[in-house]
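A short write-up of the structure that comes next.
There are 2 protein chains.
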Amino acid sequence: MAGAVDDLKLLGAWYSPYVLRVRLALSIKGISYEYAEEELQHKSELLLRSNPVHNKVPVLIHGGNPVCESLVILQYIDEAFGGAGPALLPADPYERAVARFWAAFIEDTLVKAMNQASWSKTEGEKVEGNKQATAALNTLEAALRDISKGKPFFGGDSAGYVDIVLGGLLAGVRAMEAMLGVKAFDPVTMPLLAAWADHFGALDEVVAVMPDVSRLVELFMTMHAQIAAEAATAN
Amino acid sequence: MAGAVDDLKLLGAWYSPYVLRVRLALSIKGISYEYAEEELQHKSELLLRSNPVHNKVPVLIHGGNPVCESLVILQYIDEAFGGAGPALLPADPYERAVARFWAAFIEDTLVKAMNQASWSKTEGEKVEGNKQATAALNTLEAALRDISKGKPFFGGDSAGYVDIVLGGLLAGVRAMEAMLGVKAFDPVTMPLLAAWADHFGALDEVVAVMPDVSRLVELFMTMHAQIAAEAATAN
């Protein structure tokens, strides 16, 4: 049975895809917690003390013990709160390895390409990032076909570890789509990912924690204006 | 009881720190397996078919199922062969999270800095890489003090997940030390890491799979000569 866990606190930032992963996992498992929004220009003493190596959100503090890094936190949630809600990782060792492989692929290949596409200073780097992001999404489309075997999620009938790792990016993707008037998950070339994003995004547990896309658009536009101003100054 | 596992094959390359991690884990757990050396200029059909996303070693093939990426493979070995040899990860969820955090730190921060220090094309980048690698090692020194509580390994009395993730780098570190006449783990500023490297490197299970350092020195010198030649051509 899901529910409240004593002394559980999440240090986050509303726009962070890494924090969103943790909120998604806790929501899907039905675990309640205290949430503290960090201002990244004025990080709290608690954040600096809890993650002295990286000084970054998310940090999940459970009974005074801080857990850092989103993928580490997701696995911690699955292992420490096994009794609450659905398991995030499969039980079978091979299926667990496959899930960890795709989580690492999303982290190392897709996120890197998406960041390059979105935040590079030159048009050439952006185009290259876009190309790599599309290639990574095509690889994920094939993976989803192989893994889900006709079911809607990487986790099968319900959203699991890989769904959450990818799903953390969904708010940012929706904001970019709104800004640029494009579809990140092309329904023709990536029908399974497009359907996945619709299914995942419509889950009550997901809707409950998704940040407001129009607020993200506003933030992204400010960030793009800053990058453009910096690039103009550098020229 | 450790021993042979049916139908277990490792695709590797003798000089790869990532492959060494897998060999270390299998050796420490006492699991026997078939080893196939890949020539990276002529990758085998089996490698390309088993790791179509990255085309890279190591790949551990168990009962026909390929597992890729060294950190994923280590966790697979721990979960699939739980009955063989010592556990690599601790049992406690929080201690598991701490181990995964440091494995990610070694992978994302230390390895990146070491690669920059060793393989950059400009002296400035090398110096910066060296600075970052030293900072990362100082952070690990403090982590080892906190985690091991006076015991020789990150895993406590016996070598575990973090020891293996770091230990995979040890052959390359020894080769670099031999080439440059320096100590990577300074016994004065990093006494615990220096002692850790000596303890870990002396374990029978480690000695059994460590690549020959003089052969690594030869390989590194060839690679450095190639980089120097490329840099000269680019000028």
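Chains as they are written, first to last, in full-length UniProt numbering: chain A, 1 to 235; chain B, 1 to 235.
Virtual Cβ for every residue (Gly too), placed ideally from N, Cα, C.
So residue i contacts chain B; which residues on that side make the cut at Cβ distance below 8 angstroms?
{"i": "A:P58", "result": "Result: empty, since nearest Cβ-Cβ is about 13 angstroms, beyond 8 angstroms."}
Run down chain A in chain order and give the residues with a C-beta less than 8 angstroms from the C-beta of residue i.
{"i": "B:P191", "result": "None at all; the shortest Cβ gap to chain A is about 20 angstroms."}
{"i": "B:Q75", "result": "R96, A97, R100"}
How would you list, in chain order, the residues of chain B whose beta-carbon sits under 7 angstroms from the beta-carbon of residue i?
{"i": "A:V104", "result": "Per the sequence shown, residue 104 of chain A should be read as Ala rather than Val. Correct list: E69, V72."}
Residue i touches chain A at which residues, Cβ-Cβ below 7 angstroms?
{"i": "B:E79", "result": "P93, R96"}
{"i": "B:N130", "result": "Per Cβ cutoff of 7 angstroms: no residues; B:N130 is ~20 angstroms from chain A at best."}
{"i": "B:N65", "result": "Y94"}
{"i": "B:V53", "result": "F105, T139"}
Count the other CB atoms, across all protein chains shown, that sit within 10 Å of the CB of residue i; report buried if there are 16 or more and exposed otherwise.
{"i": "A:A228", "result": "exposed"}
{"i": "A:A25", "result": "buried"}
{"i": "A:N115", "result": "exposed"}
{"i": "B:Q75", "result": "buried"}
{"i": "A:E141", "result": "buried"}
{"i": "residue 269 of chain B", "result": "Since the first residue of chain B shown is 1 and the last is 235, residue 269 of chain B is not available in this structure."}
{"i": "B:M221", "result": "exposed"}
{"i": "B:L8", "result": "buried"}
{"i": "A:R96", "result": "buried"}
{"i": "A:V72", "result": "buried"}
{"i": "A:L137", "result": "buried"}
{"i": "A:G83", "result": "exposed"}
{"i": "B:V165", "result": "buried"}
{"i": "residue 263 of chain B", "result": "With chain B running from 1 to 235 in the structure shown, residue 263 of chain B is simply not present."}
{"i": "A:L180", "result": "exposed"}
{"i": "A:P187", "result": "exposed"}
{"i": "B:M190", "result": "buried"}
{"i": "B:D6", "result": "exposed"}
{"i": "B:E69", "result": "buried"}
{"i": "B:G124", "result": "exposed"}
{"i": "A:A80", "result": "buried"}
{"i": "B:M1", "result": "Reliability fails at B:M1, whose pLDDT of 41 lies under 50, so the model's placement of it is uncertain and the value that follows must be treated cautiously. Result: exposed."}
{"i": "B:D146", "result": "exposed"}
Given a cut-off of 8 angstroms, decide if residue j and residue i are closer than it, judged by their beta-carbon atoms.
{"i": "A:L60", "j": "A:V67", "result": "yes"}
{"i": "B:L20", "j": "B:V217", "result": "no"}
{"i": "A:L10", "j": "A:P86", "result": "no"}
{"i": "A:S44", "j": "A:E38", "result": "yes"}
{"i": "B:V207", "j": "B:R174", "result": "no"}
{"i": "B:I77", "j": "B:L88", "result": "yes"}
{"i": "A:V22", "j": "A:A99", "result": "no"}
{"i": "A:S130", "j": "A:A117", "result": "For the sequence presented, residue 130 of chain A should be read as Asn rather than Ser. In contact: A:N130 and A:A117 (Cβ atoms closer than 8 angstroms)."}
{"i": "A:K149", "j": "A:D157", "result": "no"}
{"i": "B:A113", "j": "B:Q132", "result": "yes"}
{"i": "B:A225", "j": "B:K121", "result": "no"}
{"i": "A:L171", "j": "A:F185", "result": "The question names Leu, but residue 171 of chain A is Ala in the sequence shown. Not closer than 8 angstroms, so no."}
{"i": "residue 247 of chain B", "j": "B:P17", "result": "Since the first residue shown for chain B is 1 and the last is 235, residue 247 of chain B is missing from the structure and cannot be characterised."}
{"i": "B:Y15", "j": "B:P211", "result": "yes"}
{"i": "A:L203", "j": "A:A159", "result": "yes"}
{"i": "A:Y94", "j": "B:N65", "result": "yes"}
{"i": "A:L47", "j": "A:A13", "result": "no"}
{"i": "A:E205", "j": "A:S50", "result": "no"}
{"i": "B:F200", "j": "B:G167", "result": "yes"}
Practice item. May I ask you to list, following chain order, the residues of the segment 132-146 of chain A that have a beta carbon less than 7 angstroms from some beta carbon of chain B? Key: For the segment 132-146 of chain A, which is checked against every Cβ of chain B, the residues closer than 7 angstroms are T139.
**Study point:** Minimum length 3: unbroken beta strand (DSSP E) runs contained in the segment 48-125 of chain A
**Key:** 59-62, 65-68
Point to revise | In chain order, each beta strand (DSSP E) run of at least 3 residues that lies wholly inside the segment 1-46 of chain B | key: 3-12, 31-37
Check your understanding: Which runs of the beta strand (DSSP E) spanning at least 3 residues fall entirely within the segment 175-222 of chain B, listed in chain order?
Key -> none
Check your understanding: What are the start and end residues of each continuous beta strand (DSSP E) run of 3 or more residues lying completely inside the segment 149-177 of chain A, in chain order?
Key -> none
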